[in-house]
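If you read the protein sequences in the order shown, they are chains B and V. Heads up: the first sequence at position 96 corresponds to 544 in our numbering, and the numbers run straight through without jumps. Heads up: the second sequence at position 54 corresponds to 53 in our numbering, and the numbers run straight through without jumps. Worksheet for the structure shown next.
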Amino acid sequence: MATETHGTVETTEAPAHEGGGGLPQLQFQHWGGQIVWLLLIFAVLYAVLSKVLLPKVSGAIEERGAKIAGDIADARRLKDEAEVQARAAATEVAEARAKAQKTAADAKAKASAESAERQAKEEAVLAEKLAAAEADIQAARDQAMSHVAAVASETAGAIVEKLTGKAASAAELKAALA
Amino acid sequence: MADPMHQFQVTKIVELPTVTVLGLPIDLSITNSVAAMLLAATLVIVFYTLASAKQAVVPGRLQTVGEMLYGLVDGLAESIIGHEGKKFLPFVFTLFALVLFMNLQGMFLVFTATSQLAVTLTLGMLVILTVVAVGFAKNGIKFFKLFAPSGVPGWILPLVVLIEIVSFLVRPLTLALRLFGNMVGGHVVLKIFAGFVIALGGLGVLGWAGAALALTSVVALTALEFMVAFLQAFVFAVLACVYLNDVVHLDSH
Numbered sequence: 449m450a451t452e453t454h455g456t457v458e459t460t461e462a463p464a465h466e467g468g469g470g471l472p473q474l475q476f477q478h479w480g481g482q483i484v485w486l487l488l489i490f491a492v493l494y495a496v497l498s499k500v501l502l503p504k505v506s507g508a509i510e511e512r513g514a515k516i517a518g519d520i521a522d523a524r525r526l527k528d529e530a531e532v533q534a535r536a537a538a539t540e541v542a543e544a545r546a547k548a549q550k551t552a553a554d555a556k557a558k559a560s561a562e563s564a565e566r567q568a569k570e571e572a573v574l575a576e577k578l579a580a581a582e583a584d585i586q587a588a589r590d591q592a593m594s595h596v597a598a599v600a601s602e603t604a605g606a607i608v609e610k611l612t613g614k615a616a617s618a619a620e621l622k623a624a625l626a
Numbered sequence: 000m001a002d003p004m005h006q007f008q009v010t011k012i013v014e015l016p017t018v019t020v021l022g023l024p025i026d027l028s029i030t031n032s033v034a035a036m037l038l039a040a041t042l043v044i045v046f047y048t049l050a051s052a053k054q055a056v057v058p059g060r061l062q063t064v065g066e067m068l069y070g071l072v073d074g075l076a077e078s079i080i081g082h083e084g085k086k087f088l089p090f091v092f093t094l095f096a097l098v099l100f101m102n103l104q105g106m107f108l109v110f111t112a113t114s115q116l117a118v119t120l121t122l123g124m125l126v127i128l129t130v131v132a133v134g135f136a137k138n139g140i141k142f143f144k145l146f147a148p149s150g151v152p153g154w155i156l157p158l159v160v161l162i163e164i165v166s167f168l169v170r171p172l173t174l175a176l177r178l179f180g181n182m183v184g185g186h187v188v189l190k191i192f193a194g195f196v197i198a199l200g201g202l203g204v205l206g207w208a209g210a211a212l213a214l215t216s217v218v219a220l221t222a223l224e225f226m227v228a229f230l231q232a233f234v235f236a237v238l239a240c241v242y243l244n245d246v247v248h249l250d251s252h
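If you want it as structure tokens, here you go:
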């Protein structure tokens with residue numbers, strides 16, 4: 449009998465809650481369970497999110513920021529290094545060019561000095577030869593001139609002998625020709 | 000037409016014992032509402048476990064969405080509370096994520112936990128009790144300065160204090176009712192318009208035109224409800240931040 453009354457109580461109660469045109473949300477017999485469960489769920493979710501998952505998410509975000517900042521710093525450093533190297537290379541090139549120019553100038557100077565020396569030597573030899581030749585010519589002319597005198601005296605002696613019939617002495621010839 | 004309120008009916012899925020606390024019987028049975036909350040929390044955990052699994056420098060789709068939601072709440076806490084906002088970020092984020100997932104779940108499954116006043120009121124009370132706890136922990140007895148703004152002439156102060164106290168006390172109610180009302184309203188309207196499609200579709204050719212119109216409305220409203228689902232979670236998080244900021248920066252109040 450007790451169970452029967454219990455059953456009737458339940459059956460009369462249930463429609464009273466569900467019907468009546470009221471909001472189902474205002475069936476207060478369901479509130480306690482929802483509130484307790486929600487608090488429990490919220491606490492667990494809060495613990496899991498704040499202790500485990502959110503630090504991972506923010507960690508990834510921070511890591512990305514740090515990586516980007518680091519990469520930019522690296523790139524800037526490399527750029528600076530490259531600039532320094534480029535500057536060094538430019539000075540090296542300039543040095544090498546200067547050196548090359550100096551070497552070329554030296555070589556040119558040496559070559560011209562050598563050739564000048566050689567020319568001078570050659571000229572000296574030529575001048576010597578020229579002087580010798582001139583001396584030879586002079587000697588030949590002198591000799592020729594003396595021959596001319598002898599030929600003249602001979603010719604004069606012969607002419608005198610033909611004309612007078614008697615030979616003129618050497619002294620007479622010499623005095624006549626002088 | 001089907002009863003548009005039937006979708007809010009709480010039913011038991013797994014019977015669990017009723018415990019009595021302070022003379023109040025609390026039925027711990029797993030109802031569809033509790034199941035929806037459990038599922039939402041589980042999905043939040045699963046989603047963020049997957050989203051934060053790789054911690055890739057170049058994030059994939061899931062990680063991008065996870066970081067976007069996190070960045071959204073982080074930006075809120077930072078811009079509203081200031082640099083102390085980081086401390087409250089997990090709390091605000093848990094609220095936001097849970098409300099968002101419960102709202103969105105209602106768009107896909109049959110039951111919306113946030114359309115239960117018991118749920119939204121609990122969340123509202125949770126926010127305001129946290130605010131009170133933080134307020135007392137940070138300011139001690141000076142917490143009551145919250146109700147007496149500086150720079151108010153003496154003769155008007157009692158009135159202002161009264162208004163401030165009332166406005167503080169209705170905060171959990173407004174938090175709860177805003178979310179509750181939006182979710183219930185949206186789902187009821189969706190149900191009614193969907194009901195029109197069936198009812199008008201049975202009335203012949205003329206009815207089909209009406210049914211097509213109703214169907215178009217349902218599609219449009221569904222899109223709107225997705226936005227509302229996100230927006231209400233966002234508003235809940237914003238207001239939680241605003242209320243927390245009140246007690247964190249009580250001196251400048």
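Glycine residues also receive a C-beta, built at the ideal position from the N, C-alpha and C atoms.
Using the C-alpha atoms, what's the distance from residue j back to residue i?
i, j, result
"residue 535 of chain B", "residue 521 of chain B", "21 Å"
"residue 553 of chain B", "residue 529 of chain B", "36 Å"
"residue 617 of chain B", "residue 572 of chain B", "51 Å"
"residue 155 of chain V", "residue 245 of chain V", "21 Å"
"residue 605 of chain B", "residue 622 of chain B", "10 Å"
"residue 63 of chain V", "residue 484 of chain B", "34 Å"
"residue 538 of chain B", "residue 518 of chain B", "30 Å"
"residue 504 of chain B", "residue 188 of chain V", "40 Å"
"residue 143 of chain V", "residue 132 of chain V", "12 Å"
"residue 562 of chain B", "residue 542 of chain B", "30 Å"
"residue 196 of chain V", "residue 213 of chain V", "6 Å"
"residue 130 of chain V", "residue 478 of chain B", "27 Å"
"residue 452 of chain B", "residue 17 of chain V", "Bear in mind that a pLDDT of 40 at residue 452 of chain B, under 50, signals an unreliable position, so the model cannot answer this."
"residue 559 of chain B", "residue 567 of chain B", "12 Å"
"residue 54 of chain V", "residue 68 of chain V", "15 Å"
"residue 550 of chain B", "residue 515 of chain B", "51 Å"
"residue 548 of chain B", "residue 525 of chain B", "34 Å"
"residue 555 of chain B", "residue 569 of chain B", "21 Å"
"residue 184 of chain V", "residue 56 of chain V", "42 Å"
"residue 96 of chain V", "residue 43 of chain V", "7 Å"
"residue 160 of chain V", "residue 121 of chain V", "26 Å"
If we cut at 8 Å on Cβ distances, does residue i have a partner in chain V?
i, result
"residue 480 of chain B", "yes"
"residue 508 of chain B", "yes"
"residue 531 of chain B", "no"
"residue 543 of chain B", "no"
"residue 526 of chain B", "no"
"residue 540 of chain B", "no"
"residue 512 of chain B", "yes"
"residue 477 of chain B", "yes"
"residue 550 of chain B", "no"
"residue 547 of chain B", "no"
Would you please state the rounded distance, in angstroms, between the beta carbons of residue i and residue j? I believe it to be under 8 Å.
i, j, result
"residue 506 of chain B", "residue 89 of chain V", "Their Cβ separation, rounded to whole angstroms, is 10 Å, which puts residue 506 of chain B and residue 89 of chain V out of contact at 8 Å."
"residue 231 of chain V", "residue 172 of chain V", "In fact, because the Cβ distance is near 16 Å, the residues do not count as touching under 8 Å."
"residue 600 of chain B", "residue 574 of chain B", "Not confirmed; about 38 Å, so no contact."
"residue 40 of chain V", "residue 492 of chain B", "7 Å"
If you follow the beta strand (DSSP E) that residue i is part of, which residue opens it and which one closes it?
i, result
"residue 11 of chain V", "11-13"
"residue 25 of chain V", "23-26"
"residue 20 of chain V", "17-20"
Looking at the secondary structure, which residues open and close the alpha helix (DSSP H) in which residue i lies?
i, result
"residue 503 of chain B", "502-612"
"residue 45 of chain V", "31-50"
"residue 162 of chain V", "156-168"
"residue 145 of chain V", "Counting along the chain, residue 145 of chain V falls outside any alpha helix (DSSP H), and DSSP gives it neither H nor E."
"residue 137 of chain V", "116-138"
"residue 625 of chain B", "618-625"
"residue 86 of chain V", "84-107"
"residue 221 of chain V", "204-247"
"residue 78 of chain V", "60-80"
"residue 57 of chain V", "Where residue 57 of chain V is concerned, there is no enclosing alpha helix (DSSP H), given that its DSSP letter is neither H nor E."
Compare the C-beta of residue i against all C-beta atoms of chain B and say whether one is closer than 8 Å.
i, result
"residue 242 of chain V", "no"
"residue 32 of chain V", "yes"
"residue 91 of chain V", "no"
"residue 4 of chain V", "yes"
"residue 12 of chain V", "no"
"residue 7 of chain V", "yes"
"residue 48 of chain V", "yes"
"residue 104 of chain V", "no"
"residue 27 of chain V", "yes"
"residue 51 of chain V", "yes"
"residue 234 of chain V", "no"
"residue 40 of chain V", "yes"
"residue 36 of chain V", "yes"
Flag residue i as yes when its Cβ comes closer than 7 Å to any non-hydrogen atom of the ligand COA, and as no otherwise.
i, result
"residue 185 of chain V", "Among the components of this structure there are no ligands whatsoever, and the ligand COA is therefore not found."
Run through chain D and tell me which residues come within less than 7 Å of residue i, C-beta to C-beta.
i, result
"residue 171 of chain V", "Absent from the structure: chain D. Protein chains present are B and V."
Below 7 Å between beta carbons is the criterion; list the residues of the region 63-79 of chain V that meet it against any residue of chain B, in chain order.
-> 65, 66 and 69
If you measure beta-carbon to beta-carbon, which residues of the region 483-499 of chain B are closer than 8 Å to chain V?
-> 483, 484, 485, 486, 487, 489, 490, 492, 493, 494, 496, 497 and 498
The region 117-137 of chain V: positions lying closer than 7 Å to chain B by Cβ | 117, 118, 121 and 125
Given a limit of 9 Å on CB to CB distance, which residues of the region 138-165 of chain V reach chain B?
-> none
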